[in-house]
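Residue numbers (numbering that gives the first Met the number 0), protein chains in the order written: chain P, 0 to 571; chain F, 0 to 571.
Worksheet: one structure, shown below.
Number of protein chains: 2
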Amino acid sequence: MPSPDATATTGAADFFARHETLLSRASAEITARGYWSAYPESPSRSVYGDGAAEAGEAAFEARLGRPFALPGHPGEAGAVGGEVSPYGRALGVTYPRLAPADAVAAAKAAGRSWRRATPDERAGVAAEILARLNAASFEIGHAVHHTTGQPFVMAFQAGGPNAQDRGLEAVAYAWAEQKRHPAAARWEKPARKGEPTVLEKTFTPLGAGVSLLVACNTFPTWNGYPGLFASLVTGNPVIVKPHPGAILPLAISVSIAREVLAEAGFDPDVVLLAAEEAGGRSAAELAVHPDVRIVDFTGSSEFGTWLERNALQAAVFTEKAGLNTVVLDSTDDYKGLLRNLSFSLSLYSGQMCTTPQNLYVPREGFATDQGVKTPAEFGADLGAALDKLLGDPERAAGTLGALVGTPVVERVERAAKLGGTSWGGQALVHPSSEAAVQRSPLVTLVDADADAETYRSEWFGPISFVIATDSTDHSLALFRETVGAHGALTATVHSTDEDVLERARDAALDAGVHLAENFTGSVFVNQSAAFSDFHGSAANPAASATLTDPAFVTGRFHTLQSRRPARLVQGA
Amino acid sequence: MPSPDATATTGAADFFARHETLLSRASAEITARGYWSAYPESPSRSVYGDGAAEAGEAAFEARLGRPFALPGHPGEAGAVGGEVSPYGRALGVTYPRLAPADAVAAAKAAGRSWRRATPDERAGVAAEILARLNAASFEIGHAVHHTTGQPFVMAFQAGGPNAQDRGLEAVAYAWAEQKRHPAAARWEKPARKGEPTVLEKTFTPLGAGVSLLVACNTFPTWNGYPGLFASLVTGNPVIVKPHPGAILPLAISVSIAREVLAEAGFDPDVVLLAAEEAGGRSAAELAVHPDVRIVDFTGSSEFGTWLERNALQAAVFTEKAGLNTVVLDSTDDYKGLLRNLSFSLSLYSGQMCTTPQNLYVPREGFATDQGVKTPAEFGADLGAALDKLLGDPERAAGTLGALVGTPVVERVERAAKLGGTSWGGQALVHPSSEAAVQRSPLVTLVDADADAETYRSEWFGPISFVIATDSTDHSLALFRETVGAHGALTATVHSTDEDVLERARDAALDAGVHLAENFTGSVFVNQSAAFSDFHGSAANPAASATLTDPAFVTGRFHTLQSRRPARLVQGA
């Protein structure tokens with residue numbers, strides 16, 4: 000048998016050769032930022048092949064009710080579990096329990112050979128992991144569906160190919176970034192007289208240390224893969240700490256990563272699963288471990304801010320909460336606006352970090368092709384559009400999915416008691432799951448001044464506010480101020496006036512948030528496309544990271560240099 | 000008269016056109032990392048022209064004994080001063096006093112138009128500032144000489160052209176980094192049927208906010224320019240807070256920057272001077288101001304670590320103290336080794352963050368072309384080499400310069416009382432300055448085990464230790480462990496054995512420090528060449544930044560996006 004090291008070099012190099020074309024294309028696309036996707040998002044037979052859907056579902060079913068197979072994984076096997084699908088089933092899968100100190104020690108040990116692999120080798124391994132994740136998209140889709148409550152097609156797309164695209168984007172940035180400097184250079188300084196001084200120099204990208212991924216309940220893979228792959232490709236072992244409610248999609252991902260690592264001759268503990276039950280505190284304990292040098296987090300502002308203030312030994316990348324905003328000034332396609340916005344509010348029951356919450360409308364109304372609409376008229380029209388969109392139970396279920404946990408359900412109840420005029424918010428019956436909790440999005444009319452307390456905090460879930468303002472200028476001022484102070488991941492403006500659009504762009508720059516203008520068609524502000532859209536700006540309190548850009552990878556590795564006098568070439 | 004905005008565009012664009020070739024060359028050189036320099040380091044007449052030296056000295060003399068002219072600068076003019084040259088003269092220059100809150104407010108106001116300028120415009124302004132700094136190299140050289148105590152030629156080179164090269168390197172990284180993504184892109188997603196969905200997108204690099212530069216006493220410009228220019232070019236106003244002992248070199252730099260900004264039509268308050276007397280606390284107050292989003296710092300580990308732990312609202316780039324190390328295993332050029340090392344220890348009296356301190360030698364001695372040398376023999380030979388190098392007072396003064404402050408002098412006294420065998424450390428008389436305090440470097444023999452406490456902290460100044468170890472393996476283990484724990488900016492190995500060199504490279508990678516191998520000629524480990532050498536690695540506790548690399552600039556700006564449905568082109 001070859002030594003592990005020899006295998007490592009061979010296997011990893013093979014994977015690089017296999018995926019080099021894809022990696023080069025991805026590297027070109029991150030700087031072009033047009034449309035590109037490596038993994039088809041259509042779950043159709045013509046794309047993924049006959050039987051792929053059935054095989055994926057069977058693979059998912061075979062996972063249930065037993066310990067999750069992770070050969071060679073450290074920790075106490077089968078000790079952690081308890082996931083219950085929002086659609087009612089207890090998954091019954093158990094995972095190893097791994098004490099934080101043991102996880103870090105295992106990762107650190109495994110990381111030694113990984114950090115000495117070349118960027119090409121690591122990118123090759125990552126691309127192979129992504130290829131196998133793609134092949135497992137149906138299995139992962141079911142796992143995402145039954146942990147997040149996303150409707151299945153969305154779970155397949157966002158949790159499968161779209162997440163894989165985000166992962167590949169991170170691979171491309173990480174790979175390209177490590178190749179900005181040459182592996183070796185010759186430094187030849189001319190002398191005033193005589194021979195030049197010549198040094199030979201090497202430059203070696205070196206991972207920063209153990210990386211921790213703290214994933215969320217709603218988008219375990221889409222929000223998790225960028226940090227996972229950015230850290231891996233820059234030479235860091237990664238401890239994956241899933242949300243207790245959404246372990247399975249990441250356990251499958253970890254399992255695939257370990258399989259590829261082992262085939263490439265690396266220690267599979269380069270990727271570890273650190274699952275825990277609800278109420279556990281291992282994320283905090285892991286995050287401040289002195290050997291943990293990178294933390295990726297998606298979740299609450301409270302814990303994200305805690306990480307930023309306490310994990311000072313690490314580069315911390317957070318995505319937290321914010322006040323996603325829509326400024327309504329005017330439109331020449333009122334029907335399109337209502338259709339587009341009602342879908343944005345409904346998709347996955349507003350449980351997206353990108354779902355609009357604060358909808359600013361001048362008290363006097365805004366001009367539309369259907370006449371001027373006051374805040375109350377607009378709220379009523381939006382409510383009607385929601386009713387229409389969600390009138391058919393099958394379609395409603397395919398759009399809303401299910402509420403993911405008790406806090407979201409309680410928040411909807413609380414919002415319904417705020418008083419004031421509101422639309423929507425009714426309980427809907429899922430056509431095939433008694434357990435699934437569904438609410439149509441609740442839209443409540445509030446006043447910009449009187450109800451400031453209400454709309455200046457995030458109401459995660461199917462809750463939004465039509466906020467009556469003095470004017471579009473007032474709306475823009477509130478947008479600038481509230482997002483600057485509390486953050487946002489998305490912002491939208493509707494206007495037929497180029498000057499207003501220009502001022503909205505200015506306000507968005509000041510607030511530090513990406514802007515969508517006049518979305519009335521088939522693109523929704525909730526959607527962020529890999530290789531083109533930055534997700535998060537890192538320029539407002541909602542996130543300290545984008546998924547993905549150069550700043551997302553530069554802090555994950557360092558370039559170490561050596562220099563020595565050049566040897567004289569004899570007889571040259 | 001044209002409006003300020005119109006002038007801004009014209010002036011800045013002019014500067015960009017003037018310097019575009021230089022900027023492009025610099026951008027190519029940062030990724031090639033061979034030898035390149037934009038600003039000649041020879042202070043000769045043939046390079047800088049007849050009379051340049053005299054004019055520069057006269058300009059420096061004309062600054063003395065009066066308020067420093069900073070037209071339009073906010074604050075209380077002439078209120079801060081007190082610099083005294085290590086060569087004896089009280090400079091008598093006074094500077095405005097600017098309260099931290101006022102500095103931030105002025106910077107923020109001035110930054111509004113600056114952050115909306117294009118990366119090209121900002122890079123053009125920066126390159127013009129550098130061109131004028133270069134023209135002022137003699138004046139700045141004298142200012143550096145009389146504040147840091149550096150010998151004049153070194154003050155000219157390190158404080159002038161070499162610092163300008165480092166500044167240009169930062170400009171190149173900042174400029175290139177903002178151009179990695181296009182200003183606009185067209186996103187065209189194919190539909191299964193019918194027309195594709197098309198969005199037009201813009202991408203705008205936007206400065207993070209007010210930037211603070213906290214500079215040091217010993218290398219105010221060389222260590223200061225990278226952060227200053229990286230922040231400027233990425234769109235941030237910069238508050239320059241010099242060390243109370245070395246204000247003048249940065250005041251001249253700020254003055255030139257303000258002059259160029261005004262000519263380009265920008266508010267000169269984009270660059271502000273926040274001078275203070277010794278004992279002031281304005282750096283700490285400025286660093287935690289909520290609007291300060293970037294901090295660059297060179298200085299003590301204590302304050303650097305405080306900044307890292309407290310300026311949590313900002314991206315913090317620090318260069319602190321460490322244990323620069325030399326591992327002596329074997330050499331085939333013992334004379335060259337002694338010559339090179341004695342110069343490294345002597346240059347600017349060891350007051351460089353890159354000066355070696357800990358010299359590890361096996362107790363049994365190390366093999367040289369002059370026979371095996373024990374630690375005591377090596378210490379004696381090094382002492383003799385120092386005596387020879389510094390025997391001539393003119394040459395000694397031109398190498399050592401003067402000790403920069405009381406703490407350094409006291410540290411040398413304390414080191415001399417450590418006991419044990421030592422060489423050097425004698426007081427020398429400066430040939431032309433009675434006030435200049437000079438000591439030949441003190442080399443003390445210590446034991447790796449018994450004296451661990453002594454050599455595991457930094458002794459900034461002309462102090463080093465020959466540390467007797469069990470073996471080269473022991474030396475390498477100590478190197479790895481002490482530098483990993485306490486940091487270092489430089490490390491050196493001397494060995495004729497490729498296997499030892501390989502293991503030293505491994506140890507340096509683990510410790511996270513750049514390595515110099517077998518420096519016996521005319522290149523010294525203290526020297527770090529712009530466009531080729533990274534200064535600091537950010538991979539050990541001595542620094543959280545390199546001057547300069549992509550990680551040094553990515554955190555200083557964010558890329559904000561807007562997207563809108565594409566307009567249909569009529570009749571196309």
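Cβ atoms here follow ideal geometry from the backbone N, Cα and C, with glycine treated the same way.
Contact of Q177(P) with chain F by beta-carbon distance below 7 Å is absent, the smallest such distance being about 10 Å. Sixteen is the threshold: since fewer than 16 other Cβ atoms of the shown chains lie within 10 Å of the Cβ of V428(P), the residue is exposed. The stretch 72-144 of chain P is shown to contain whole beta strand (DSSP E) runs of 3 or more residues at 75-80, 93-96, in chain order. For I466(P), there is no enclosing alpha helix (DSSP H); the enclosing beta strand (DSSP E) has its first and last residue at 462-468. Between K188(P) and chain F, the shortest Cβ-Cβ separation is below 8 Å.
For E120(P), the closest Cβ of chain F is not nearer than 8 Å. Residue environment: D380(P) is assigned as buried (16 or more neighbouring CB atoms within 10 Å of its CB, all protein chains considered).
In this model, F464(P) and S421(P) are separated by some 9 Å (Cα to Cα). Taking the beta carbon of F15(P) as reference, no residue of chain F falls within 8 Å; the closest one sits roughly 22 Å away. The beta carbon of L385(F) sits closer than 8 Å to those of S341, L344, S345, W422, G423, S439, P440, V442, all from its chain and outside the five residues before and after it, given in chain order.
In terms of CA proximity to R115(F), T558(F) leads the group P73(F), L69(F), T558(F).
For H493(F), the enclosing beta strand (DSSP E) starts and ends at 490-493. Listed along the chain, the chain P residues whose CB falls inside 7 Å of the CB of S23(F) amount to none; the nearest CB is some 16 Å away.
When DSSP states are grouped into helix, strand and coil, W221(P) belongs to the coil group.
Cβ neighbours of R257(F) within its own chain (closer than 6 Å, five residues either side excluded): P267, V270. For W422(F), the uninterrupted beta strand (DSSP E) segment begins and ends at 421-423. Secondary structure at S543(F): coil, using DSSP grouped into helix, strand and coil.
Secondary structure at G321(F): coil, using DSSP grouped into helix, strand and coil. Look at the stretch 298-310 of chain F: the residues with a C-beta under 7 Å from a C-beta of chain P are E307, R308. For Y359(F), the enclosing beta strand (DSSP E) stretches over residues 357-361.
If the five residues before and after L205(P) are omitted, its C-beta is found closer than 7 Å to the C-beta atoms of R114, G234, F556, H557, L559, all from its own chain and listed in chain order. Closest in C-alpha terms to T304(F), from the list A283(F), R504(F), D290(F), A175(F), comes A283(F). Of all alpha-carbon atoms in S230(F), L399(F), A214(F), F459(F), the one lying nearest the alpha-carbon of R410(F) is that of F459(F). Identification of chain P residues near F365(F) by a Cβ-Cβ cut-off of 8 Å yields none; the smallest Cβ-Cβ distance measures about 18 Å.
Note that the C-beta distance between A25(P) and V170(P) is below 8 Å. Near chain F, meaning a CB-to-CB distance below 7 Å, the residues of the stretch 541-553 of chain P are D548, P549, A550, T553. The CB of E501(P) never comes closer than 9 Å to any CB in chain F; the least such distance is about 10 Å. The bridge partners DSSP lists for V270(P) are V237(P). Shown here for A277(P): same chain residues with a beta carbon closer than 8 Å to its own, the five before and five after excluded, namely G81, P243, G244 in chain order. Residue pairing from DSSP places H557(F) in a beta bridge opposite L205(F). Taking each of A515(F), A544(F), Y359(F) in turn and checking the Cα distance to T201(P), the smallest one comes out for A515(F). Membership of T481(P) in any beta strand (DSSP E) is not indicated; the residue belongs instead to the alpha helix (DSSP H) covering 471-485. For R292(F), the uninterrupted beta strand (DSSP E) segment begins and ends at 291-297. Beta-bridge pairing by DSSP links P564(P) to L198(P). Interface annotation, D328(F): not in contact with chain P, CB-CB separation never under 8 Å. Identification of residues in the stretch 263-294 of chain F having a C-beta nearer than 8 Å to some C-beta of chain P yields an empty set.
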